[in-house]
Structure formats: C-alpha cells, structure tokens
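Numbering (the numbering used here), first residue to last: 2 to 302. Here the structure is laid out as structure tokens; the discussion comes afterwards.
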C-alpha cells in the first residue's frame, strides 16, 4: 500500500459502494510490510519491494475534529451504519486501529451486507497483523457485493504477500473488469507480475496505473524496478526521478535509482543516491551494499 502503490485506502461511501477515502501512504513492516490497498511485498532482483497496508495521518488536526463531529452524528443517529464506517476511517487515519475495527464492526452489525465496512475492517486488521481475519473480511465483502472492486484489490494484495499469486491475479483481473479506471488495481497486478518475474507484463500494468493516476509515487518506483530488470536503465532513472518528485523521502526509490545509475556507469551519482537512501533509512540493504561495493572500486555491470 509504498514500495508502491500501491497506496492505501479505506472504503467509505455506502451509497456508491465503490468510493474510497484516500490516506497518505505510510510504509509498514507487516507481512514483510501497498497500498488500498497496496499491501504485501515482493522482490525484484536485488531490489527490495516496499509495501503498504493501510495508512496513518496523525499530523492532520482535522482528523480529530472529524472524529468529534462524527461522534455527535452517531449520538444523534445510533443506528447509522454509514456514520460508524466513516468514523472508523477517521480513527484509522489517526492510527487508532482498535477503535477503527470496533466502529467497522458496529457498521457491519447494523448492516450485514455492507461491503465497504468489511473491506475497511480487513484493512485495519492487516495493520495490526491479523491477516487471517482480514482475509475473511475481504471474502465477506465480495460475498456481500460481488462487484465491489476494492475488496478484490485488498484480498489480492494479501494473497500476494502470502505467495498465492494465481488467486491474486484472478482477483485483480476481476477488479479491473469491474472498474477499468482503477489505478490501484493495475498497480497491484503489476506487483504480482513483478514477483513472478514477468517484467514486461508488470511494466504494462504500471503504465496503465500511471496513465490513470500520474500523481502517485509507488507505480513509478515499481516500474523503475522492472525497467532495471529488462536493462532499460535510463528509463528506470526517469521513473525514480518522477517517484522522488512526489515523495523524496522514499529510501527504496533512492536506492533503486542508485542501482540504475551504477549500471549506467555513473558511479558518483549512484553513490549520492545510495547516501540519500541511507540517510533516510540506515537499514536499507540495497543502499548499504551499493556503497560498500563502490567504496571498494567495484560496480554492477
């Protein structure tokens, strides 16, 4: 949900049953640490694939105000499933996942066919490491509404993290059939192709994700990683630059950019990229190995 997206989102609007409340992306370590819904992880060659599950917005003071306002709505309308689901999403923004799960559960109790609430609860369950419960909730969402694309994306991301790439691809192709404009579904399917080593297929899906939403960093990073694998290093650098223009605190993007530059023989620039990655995350293995290699006068070819 960034390796990527992948980001992550919580479903919100019961009336359309398909709209999502966007959250800023926070990289996690759960399940090797998407996002919507872009979750799970994978590796491409020597590059670590980042990942996201759901997201947190603790810096936004409006989230607290929103929770207070929604609590007033719930006091006035205690049987309003939409209000509980919406407040649950606000709690999730704050990283209050137990409170979020409680609200999503109440929304489901009030409306057992509420696909968005099942999907949201699944995303919150993933945040606290309850992947089995999350898988059950994604499946319940699909049972409640077989045309609810977000649930297929969420379930596919979890299945990818578990290595079930066959079912993940099936879920994502179904999500795309339901909503051909869903950038997160193309991004997530690209990650599955990438994990399988099908980099040309991955690149096509990342292209589609970027065409539909060019202002998200994760698909650029992921496409850059696959471009490295097929030897298109100049294009990979362009993608990492685009990713970093959106989020210049992404250590994985800086490190992967270093790999692409190193493969181009631009060792000084590669060293600078590795250093930027390590300054953000001193545990980044790709950056650490790259700096060690270059300090010995070696480089990737």
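Cβ atoms here follow ideal geometry from the backbone N, Cα and C, with glycine treated the same way. Treat the numbers as computed from the prediction; the structure is a model and nothing was measured.
For residue 275, three-class secondary structure by DSSP: It is helical.
Would you kindly work out how many angstroms separate the C-alpha atoms of residue 179 and residue 155, rounded to a whole number? For residue 179 and residue 155, the distance between alpha carbons rounds to 14 Å.
Buried or exposed, going by whether 16 or more other CB atoms sit within 10 Å of the CB of residue 185? With 16 or more other CB atoms across the displayed protein chains lying within 10 angstroms of its CB, residue 185 is buried.
Helix, strand or coil at residue 220 [DSSP, three-state]: Residue 220 falls in the helix class under three-state DSSP.
Using only the alpha-carbon positions, how far apart do residue 288 and residue 295 sit? Approximately 11 Å between the Cα atoms of the pair.
Whose C-beta lies closer than 6 Å to the C-beta of residue 301 among residues of the same chain, with five residues either side of it excluded? 263 and 264, listed in sequence order.
Using the beta-carbon count (16 or more within 10 Å), is residue 182 buried or exposed? If you draw a 10 Å sphere on the C-beta of residue 182, you find fewer than 16 other C-beta atoms in it, and that means exposed.
Cβ atoms of residue 139 and residue 123: under 7 Å apart, would you say? Yes.
Here's the rule: buried if 16 or more other CB atoms are within 10 angstroms of the residue's CB, otherwise exposed. What is residue 266? Residue 266 comes out exposed.
May I ask which residues mark the beginning and end of the alpha helix (DSSP H) holding residue 127? Unbroken alpha helix (DSSP H) run through residue 127: 116-128.
Smallest Cα separation from residue 270: which of 255, 152 and 135? The shortest C-alpha separation from residue 270 is found at 255.
From residue 90 to residue 237, what distance separates their C-alpha atoms? Roughly 35 Å separates the two Cα atoms.
Under a three-way DSSP split, which group does residue 185 fall into? It is helical.
Check for me: the alpha helix (DSSP H) holding residue 158 runs from which residue to which? Membership of residue 158 in the alpha helix (DSSP H) is indicated by the continuous run 150-162.
Outcome for residue 293 when other beta-carbon atoms lying within 10 angstroms are tallied against a minimum of 16: The residue is exposed, with fewer than 16 neighbouring Cβ atoms inside 10 Å.
So, are the CB atoms of residue 218 and residue 248 less than 7 Å apart? Judged by beta-carbon spacing, residue 248 lies within the 7 Å limit of residue 218, meaning their Cβ atoms are closer than that value.
Distance, residue 298 Cα to residue 173 Cα: Each residue's CA atom was taken as its position, placing residue 173 and residue 298 some 44 Å apart.
With H, G and I counted as helix, E and B as strand and the rest as coil, what does DSSP make of residue 231? Looking at residue 231 - three-state DSSP - the assignment turns out to be coil, as it is neither helix nor strand.
Residue from 190, 211, 227 and 221 with nearest C-alpha to residue 200: Of the candidates 190, 211, 227 and 221, the one whose C-alpha sits nearest the C-alpha of residue 200 is 227.
Could you tell me whether the Cβ atoms of residue 93 and residue 125 are closer together than 7 Å? At the C-beta level, residue 93 and residue 125 come within 7 Å of one another.
Could you give the distance in angstroms between the alpha-carbon of residue 280 and the alpha-carbon of residue 101? So the alpha carbons of these two residues sit roughly 34 Å apart.
Does the distance from the C-beta atom of residue 258 to that of residue 241 stay below 7 Å? With respect to the 7 Å criterion, residue 258 and residue 241 are classified as neighbours on the basis of their beta carbons.
Straight-line CA distance for residue 133 to residue 145? Across the structure, residue 133 and residue 145 are spaced so that their CA atoms are roughly 19 Å apart.
Pick from 137, 81, 83 and 230: whose alpha carbon is nearest that of residue 159? Checking every option, the nearest Cα to that of residue 159 belongs to 137.
7 Å Cβ shell around residue 243 - same chain, five flanking residues per side excluded: The beta carbon of residue 243 sits closer than 7 Å to those of 221, all from its chain and outside the five residues before and after it, given in chain order.
Span separating the alpha-carbon of residue 78 from that of residue 127: Cα to Cα, residue 78 sits roughly 29 Å from residue 127.
Run of the alpha helix (DSSP H) containing residue 173, from where it starts to where it stops: Residues 166-179.
If we count the other Cβ atoms within 10 Å of its Cβ and call it buried at 16 or more, is residue 175 buried or exposed? So residue 175 counts as buried.
Contact check, residue 161 vs residue 169, beta carbons under 7 Å: In contact: residue 161 and residue 169 (Cβ atoms closer than 7 Å).
Smallest Cα separation from residue 103: which of 116, 114 and 121? Looking from the CA of residue 103, the closest CA among 116, 114 and 121 belongs to 121.
Taking the alpha helix (DSSP H) that residue 96 falls in, what are its first and last residues? Unbroken run through residue 96: none, as it is neither H nor E.
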